[in-house]
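I have placed the structure first, in the form of structure tokens, so that the comments after it can refer back to it.
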Amino acid sequence: MPRNVPGPDKPDSAISNEAQRVAARRALAGVEPTAPRCGLALSGGGLRSATFSLGLIRALAKHRLLTRVDYLSTVSGGGYVGGMLGRLYNENNAKRVEERLAAEDSILLWWLRNHGRYLIPVGSRELQIAGASMLRAFVLNALLVIWLALLIALPALMVTQKGGGATLFHDVIYICLSAAGVASLHYWMSVSLRGYFLTGAALLMAGGYGLYHPGFPATITSSPGMGLLAAMMLYSLLLMAHAARCRGSPSRWRLGLTLHLRFWMMCALLLALLWALGAIAREAHGYLPTLWQSTVWLLALLAGGKLLLLAGLLAKLPVKKGLLIRLSVNRRSWLNLAGVFILATLLTLVANWLLALGESELLTPALRALPPVLGSLANEAWMLLVWCCALLTLCCLRAMPELLNLASLHHFYRARLERAWLSPGNRQRFESDPLDSYAAEKALKVKKVTRALEGDDIALQDYQPHRHGGPIHLINCCLNQTIDDQTGGYVADRKGRVLTVSSLGLERGGAAPEGNVPPGALSHWLAVSGAAVSAGTGSRTAPGAAFLIFLFGARLGYWQRNASAHRKSRENALCRVFRTLTAPPGYLAGEMLARFPGPDKRYVFLSDGGHVENTGVYPLLKRRLPLIVLAECGADADFLWDDLENLVRKARIELHTEITFDDDPPAPFVTPAHFSREPGSPLLLARLRYPQGETGALIVVKPRRLKNATPDTVAWSEHDRGFPFQSTTWPLFDEEQWEAYYQCGLAAGELVDEALLEAALKYVRGL
């Protein structure tokens, strides 16, 4: 449940500060102070959402409604056009932005028509650049996987090169199981505390006698069984000392014993898995003894995994029936299982490859080149591998999150987003106002989109369109979380929460704004908000699919430094050292296996805002706006309304707000049940019931075939029956498709005027 739900009645400093900023922007834009507060939400949906929303924004500008928008909330593709709109505002030009967006002949419109598709690489040159970026990411990710596989290969190397390795592993596993047995015995003995502490006294007497007896130390050193017994006696005494501290709280004591049992069982299980994988690799080495054979099979597995990942993406494409086998509703489950299988097989093959490498003569020159001191330590090939692993670990410890970010496609995606959609705010690129009327001579002076220019981007803290009469822009992301920050257990349902950032601060879920502006540029946060392909995908996060995405570099998620992270005050020095040493490798394993910590850690994993809430209405409901217009552009070809269903549920659970749709709304609104592929109204009307009895109107504008559509849009819809719900994974968003979605948004927005807003608000308040 939310702790602090902000609203007009809350005397929170951040909320009151926002109210002052809204009043100031209204004065600059010429909006009546008494007019109902209004928000515009642009949902996720990639370029489909961006182009449709562009048409809707231009229609609102034609109706002189753009200046009415106090808040602009965007998710994923809606952020492209939202960031472009915010960058257009300069000093005291809110009216000009509205007037020129309504015009048909601006340089801006020419630019977006030509370069709005620049996000998707097409053509040999762009594909080469994209391929180089993916290859670089793939190589680095493969090296990280090999690093992990090297750790798993060490048991097999120990057994192959050192005969005592098997005995060592068996002994350690036996010690862990013995400790687990002692913890279980203490749990059952805790029924009778008197007998429990009498047993402790007997152990102390036995220990004292052993120390006094002259032959006891020699017996321990000569007999491993006696040494293990002595260690378990000492462990029992430690547990009893802890029991004495918890004497007044039996439940706390039993919970502690259960945690001890869990720790030892997990240690034994982990060691057993490591040994099993090492043994399998050793057996596989008998079938693939040479380095060449191991390399061929390893490359074949990588290629097969790549094809599997592509098949999972292609299954979402709008193809005709029969061209591709449509996977069942359990596609994600099968992809997850396949990813887990490929992970285990890949680790085994890499371990076998390392065994073959250790037996080959390739490492001999490196061994000879070592100094005598190091040569004595690495006198065998497998020891050189151990030292290489240790060196790589030390090099990557402190820089692991940044290294993972560099190994992703975040910067490639961000750079293209910056130049295509945010550069209209850069006078160095256009040399004139992009809102000016188009002229050929002006277009020739515009710098190429392939050039990166200073001024294309802006720091988030400096991005304040509301200071010039524009709206307050709220950018929504998904803070992935599979480990509960309160209990430390696995989060089984949503696996993420809404994270909203703006130049006014940062917000987590239903909590009030924190006020601290997160670092980073506007393009960075818009790219994070649109990181659809990611190891963390909110409630759909799965380890197998996360591994496939991680391995092949098709990653857009981002490890963001958490400025508000707090350390545990009662944490001792040993725990701090352990956490410092294990945290960086934990980020690698976390993204590879989809285990993401909560917001109390130093780094958090962020991805597409649509992974948790795709409409963008969530932060507007927190502010209890009387009037909200939503461009709902999710891929919903079957009209299942998944995004609205998710919004209704989250609004009720986290914000105590009810969203209801009337069965008989006034024209031109229709009900969700009346939506179909046939031409009709694209408008829905919902009533918002905020806490304390406040009400509001939610106007949903959804892409649909319209009766007033332009001839080229009608022709395109007949050509592609999937319009207007094509998947965002479709790589060829050509000029015809771009224009069709843009005209669809423009035609749908023509229905939204001042009279419609007033009628909707009166209707929901009169029910």
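Residue -7 is where the sequence shown starts when you use this note's numbering, and the numbers rise one by one after that.
Note that beta-carbon positions come from the ideal geometry of N, C-alpha and C, so glycine has one too.
Everything numeric in this text was worked out from a predicted model, so none of it was measured.
Of the residues the options, the one placed nearest residue i, counting alpha carbons only
| i | options | result |
| --- | --- | --- |
| valine 525 | Trp102, Arg532 and Ile541 | Ile541 |
| alanine 134 | Trp102, Ile112 and Leu339 | Leu339 |
| methionine 257 | Val164, Leu231, Asn344 and Ser243 | Val164 |
| arginine 17 | Arg443, Leu58 and Phe44 | Leu58 |
| aspartate 485 | Arg13, Val438, Val493 and Ala534 | Ala534 |
| arginine 500 | Asn418, Tyr179, Gly601 and Leu749 | Gly601 |
| glycine 488 | Glu275, Pro683, Asp477 and Glu446 | Asp477 |
| glutamate 91 | Phe717, Tyr455, Leu335 and Arg56 | Arg56 |
| glutamine 729 | Gly714, Arg419 and Ile138 | Gly714 |
| alanine 444 | Arg459, Leu414 and Gln473 | Leu414 |
| asparagine 626 | Ala586, Val693, Thr652 and Pro591 | In the sequence under discussion, the amino acid at residue 626 is glycine, which differs from the asparagine named in the question. When each option's Cα is compared against that of glycine 626, the closest is Val693. |
| arginine 13 | Glu605, Tyr550, Gly461 and Asn508 | Gly461 |
| asparagine 700 | Gly578, Glu686, Gly672 and Gly590 | Gly672 |
| serine 531 | Gln473, Gln552 and Phe717 | Gln473 |
| asparagine 606 | Ser176, Ala623 and Tyr579 | Ala623 |
| leucine 675 | Ser709, His666 and Met76 | His666 |
| leucine 514 | Lys642, Ala546, Gly688 and Pro457 | Pro457 |
| glycine 512 | Gln453, Tyr482 and Ala546 | Gln453 |
| arginine 681 | Leu617, Glu275, Leu636 and Glu742 | Leu617 |
| proline 660 | Pro576, Ile691 and Ala129 | Ile691 |
| alanine 504 | Leu247, Asn82 and Tyr610 | Tyr610 |
| asparagine 766 | Phe597, Phe539 and Pro577 | Since the first residue shown for the chain is -7 and the last is 759, residue 766 is missing from the structure and cannot be characterised. |
| arginine 109 | Asp726, Leu738, Gly737 and Gly758 | Asp726 |
| arginine 594 | Tyr579, Val89 and Trp345 | Tyr579 |
Cut-off 7 Å between Cβ atoms - residues of its own chain near residue i, not counting five sequence neighbours on either side
| i | result |
| --- | --- |
| leucine 100 | Pro416, Pro426 and Leu427 |
| glycine 608 | Ala33, Leu34, Ser35, Ser65, Thr66, Val67, Gly70 and Asn468 |
| leucine 111 | Leu39, Arg408, Leu409 and Ala412 |
| glycine 74 | Leu34, Leu64, Thr66 and His465 |
| glutamate 750 | none |
| arginine 494 | The amino acid occupying residue 494 in the given sequence is serine; arginine does not appear at that position. These residues qualify, in order along the chain: Ile464, His465, Leu466 and Ile467. |
| glycine 522 | Ser68, Gly69, Gly71 and Asp600 |
| asparagine 85 | His460 |
| asparagine 397 | Tyr550 and Trp551 |
| phenylalanine 130 | Phe544 and Gly545 |
Burial state of residue i (16 or more Cβ within 10 Å)
| i | result |
| --- | --- |
| serine 429 | exposed |
| leucine 612 | buried |
| phenylalanine 422 | buried |
| threonine 529 | buried |
| phenylalanine 544 | buried |
| aspartate 448 | buried |
| arginine 254 | exposed |
| alanine 761 | This structure gives no information on residue 761, because the portion of the chain shown stretches from -7 to 759. |
| threonine 652 | exposed |
| isoleucine 317 | With a pLDDT of 34 at isoleucine 317, under the threshold of 50, the modelled position of that residue is not reliable, and the figure given next carries that caveat. Answer is exposed; the Cβ neighbour count stays below 16. |
| proline 683 | exposed |
| asparagine 508 | exposed |
| glutamine 552 | buried |
| threonine 442 | exposed |
| lysine 313 | With a pLDDT of 34 at lysine 313, under the threshold of 50, the modelled position of this residue cannot be trusted, and the question is left open. |
| glycine 156 | Note that glycine 156 has pLDDT 49, beneath the 50 cutoff, so the model's placement of it is unreliable and no number is given. |
| proline 658 | exposed |
| proline 393 | buried |
| phenylalanine 333 | exposed |
| threonine 26 | exposed |
| alanine 391 | exposed |
Contact set for residue i: own chain, Cβ-Cβ below 8 Å, skip 5 residues either direction
| i | result |
| --- | --- |
| tryptophan 102 | Tyr430 and Ala435 |
| tyrosine 227 | Ala171 and Val174 |
| lysine 87 | Ala21, Gly22, Thr59 and Gly461 |
| leucine 779 | Limits of the chain in this structure are -7 at one end and 759 at the other, which puts residue 779 out of reach. |
| leucine 263 | Phe161, Val164, Ile165 and Cys168 |
Close-in-space but distant-in-sequence residues of the same chain around residue i (CB under 6 Å, 5 per side omitted)
| i | result |
| --- | --- |
| cysteine 30 | Arg60, Val61, Asp62 and Leu619 |
| glutamate 746 | none |
| glutamine 735 | Thr702 and Thr705 |
| leucine 132 | Ala399 |
| alanine 629 | Phe717 |
| leucine 169 | Ala260 |
| proline 510 | Val493 and Leu498 |
Give the list of continuous alpha helix (DSSP H) stretches no shorter than 4 residues that lie fully inside the segment 32 to 107.
38 to 54, 69 to 80, 86 to 94 and 99 to 107
Under 8 Å: do the segment 641 to 653 and the segment 578 to 595 share three or more Cβ pairs, one atom per stretch?
no
Hey, which unbroken runs of the alpha helix (DSSP H) at 4 residues or more fall wholly within the segment 414 to 469?
419 to 422 and 432 to 437
Extract the residue ranges of the beta strand (DSSP E) inside the segment 613 to 692, only unbroken runs of 3 or more that lie entirely within it.
619 to 623, 650 to 653 and 675 to 681
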